[in-house]
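Take 9 as the starting number for the sequence shown in this note's numbering and just add one per residue. Even for Gly, the Cβ is constructed at its ideal location relative to N, Cα and C.
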Amino acid sequence: MEILRRDKLSNHTTIRLGGIAKEIYFPRNTDELQKVLLSLANNKFIIIGNGSNVAFRDGGYDGIVISLKKFNRDLIFFENKKIIVGAGVSCSKFAKSLHKNEIAGFEFLHGIPGTIGGAMAMNAGAFKVSIWDKIIKYKLISSDGKIKSFSRKQMSTLYRKVNINRKSYFIEAEFFIDSKVKFKKNLILEYAIKRKSTQPVNQWSSGCIFKNPNSKYSASYLIEKSGLKSTRVGGIYVSKKHSNYFINDGNGTCHDLEKLISFVRNRIKKEHNINLDCEIHIFGSRS
Ligand SMILES: Cc1cc2nc3c(=O)[nH]c(=O)nc-3n(C[C@H](O)[C@H](O)[C@H](O)COP(=O)(O)OP(=O)(O)OC[C@H]3O[C@@H](n4cnc5c(N)ncnc54)[C@H](O)[C@@H]3O)c2cc1C
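Structure, rendered in structure tokens:
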């Protein structure tokens, strides 16, 4: 198993923020993951996927980081009406593979730069579909290495929120194929064009910083309405293209990011009396 020691966490998040991690483990299969978890016993650790919805603070992380981006990352198995997928499979690879086989309904995952496990933890979604709309079963591993299967109804989910026990982690999902959804040859391309024209997909970000507060107003609408496009703290600024994306220009720190988040949040509260909740997860120590 690959282990990185004293590596920069900025290398492992899409917004490229974070100080040093003592150790980062990349288990490739259940056996390796169980061994890592058991060896950690009571040590502090965190599990991440591709780091596309997380930032680490500039002081780094004083526990062990386990990245699942290599975990069963080739496991995509079709059988009759169901699909079994490993937590480390990238969302885009999964969507492309189904599309190639003319299986419809998973195109929305293309362009979400995370793993299936990370998408399950976030209830990620796009174009009015969320990942938990499609799941029928899932497997969890607990911090003592035990694996259990569950049915969809055993997990309660909301918009970008999943009520997972904090000591359990997603390792596999089973999806159903809805034969009523018609296959459209150009749908992935259409979605990619839409994304590219509305989101700064090639810049360093973690996607949307805030959850949408309600169905009437999106967070980006409120930020734009408050004239906060391009607002900057140090090396982090509000994207001109999509104001719920905060961009790292290469010189940003997590301190800048947190200052910008609180500045924007305070302005939205003052001007619209709306509390914005963060979608991004921030971990680690300040110094
Ligand atoms: C350019 C861009 C576009 C994006 N577009 C979208 C979009 O359209 N829709 C959307 O919903 N999101 C979007 N995102 C955000 C992000 O890609 C998703 O939230 C994604 O699902 C996160 O997956 P990840 O593997 O990167 O998870 P990470 O960011 O590594 O982790 C996210 C959280 O999940 C936890 N976690 C990760 N893996 C597991 C696991 N296996 N078991 C339990 N907990 C776990 C982590 O501890 C962390 O708290 C975008 C991000 C970027 C940078």
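On a Cα-Cα basis, can you pick out the residue from the options that is closest to residue i?
i    : options                : result
F191 : K30, L106, D66         : L106
I54  : R174, S100, S295, E266 : R174
V209 : K224, P221, S247, Y177 : S247
T165 : I185, D186, N131       : N131
I84  : A181, G27, S187        : A181
T261 : D15, L25, F102, F254   : L25
H250 : K233, G243, K104       : K233
V297 : E266, K224, N252       : Given that the chain is displayed from residue 9 to residue 295, the structure contains no residue 297 and the question cannot be resolved.
D141 : S151, Y167, H118       : Y167
K104 : K278, V97, H118        : H118
G67  : G258, N274, S18, Y225  : S18
N285 : I276, I91, V137        : In the sequence as displayed, the identity of residue 285 is Asp instead of Asn. For the residues I276, I91, V137, the minimum Cα distance to D285 belongs to I276.
A112 : K193, S223, L46, P221  : K193
E287 : S295, I217, Y199       : I217
R203 : K156, S270, F135, S228 : F135
G215 : A49, S223, I120, S47   : I120
L48  : D82, E110, S151, F102  : S151
G125 : K224, K89, F86, S176   : S176
K108 : S295, L197, S270       : L197
Give every residue of the same chain whose Cβ lies closer than 6 Å to the Cβ of residue i, excluding the five residues on either side of it in the sequence, and list them in chain order.
i    : result
I290 : A63
I179 : A95, K147, I149
G122 : G57, N58, S60, C99
I144 : R160, E182, F184
R13  : E31
Q42  : G153
Y253 : P208, S213, S247
F158 : Y146
E279 : S234
V137 : F116
S226 : N220
L3   : In the structure displayed, the chain extends from 9 to 295; residue 3 sits before or after that span and is not available.
From what residue to what residue does the alpha helix (DSSP H) around residue i run?
i    : result
G71  : It is not in any alpha helix (DSSP H) - G71 instead sits in the beta strand (DSSP E) that spans 69-75.
S105 : 99-108
A4   : Any question about residue 4 goes unanswered here, given that the chain covers just 9 to 295.
I'd like the list of long-range same chain contacts for residue i, defined as Cβ closer than 8 Å, with 5 residues on each side in sequence excluded.
i    : result
D15  : I28, A29, I32
T206 : K249, H250
K52  : D70, G71, I72
M128 : A95, I139, W140, I143, Y146, V170, F178, A181
N80  : R36, N37, T38, G94, A95, G96, V97, I179, E180
D264 : V241, G242, G243, I244
N259 : G242, G243
L268 : T239, R240, V241, I244, Y245, V246, F254
K78  : E10, F34, P35, R36, G96
By DSSP's criteria, residue i is part of a beta bridge. Which residues make up the other side?
i    : result
F114 : Partner(s): none; F114 has no beta bridge.
D15  : A29
G94  : E180
Y146 : F158, A181
Y245 : R240, I255
K175 : Looking at the DSSP assignment, K175 forms no beta bridge with any residue, so it has no partner.
Which residues bound the beta strand (DSSP E) around residue i?
i    : result
F135 : Careful: F135 lies outside any beta strand (DSSP E) and carries neither H nor E.
Excluding sequence positions up to five away, which residues of its chain have a Cβ less than 7 Å from the Cβ of residue i?
i    : result
V44  : Y33, P35, I74
W212 : T22, I23, R24, I255, N256
E40  : M9
L195 : E115
G133 : F116, I139
L230 : I276, H280, I282
L236 : V246, S251, V272, R275
D186 : G113
E110 : F191
S293 : R65, G67, G68, D70
Ordered list of alpha helix (DSSP H) runs contained in the region 189-233, each at least 4 residues: 195-206, 227-233
Within the region 21-88, note down every full beta strand (DSSP E) run reaching 3 residues or more, in order along the chain. 28-34, 53-56, 62-64, 69-75, 84-87
Can you give, in chain order, each stretch of the beta strand (DSSP E) that sits fully within the region 253-293 and has at least 3 residues? 254-256, 289-291
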